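Worksheet: the structure to be examined is printed underneath.
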Amino acid sequence: MNNRKLDDHERRSNGANIDMIVTHEPSNLEIAILEVSGPPAVPSHKHYLDDRQKLAVNLKKNVQKDPGNVFQR
């Protein structure tokens, strides 16, 4: 599926990767992960739950990859 050819209201292809990781450059700490879910006017909101699960899985992978990248209490 070519995401660039889809209209705004059409769902993009699923993927395991998140859309963006925000990094604090001086410390090289990942401080946020983002997933763009689409417009809220879509009748079905199931994709929000799918994106939420994708964020949780990727957050877990990032922490396992580099446990030193997590804020310590």
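Counting from 538, one number per residue, gives the positions in the sequence shown under the numbering used here.
Positions of the beta carbon are idealized from the N, C-alpha and C atoms, including for glycine.
Everything numeric in this text was worked out from a predicted model, so none of it was measured.
C-beta contact flag for L592 and I568 at 8 Å: Residue 592 sits at position 55 when you count from the first residue of the sequence shown. Residue 568 sits at position 31 when you count from the first residue of the sequence shown. The answer is no: Cβ separation not under 8 Å.
Exposed or buried, S574, counting other C-beta atoms within 10 Å across all chains shown (16 or more means buried)? Working through the sequence shown from its first residue, we reach residue 574 at position 37. Result: buried.
Sheet register partners of H561 (DSSP bridge): Looking up residue 561 in the sequence shown gives position 24. Note: H561 sits in a beta bridge opposite L566.
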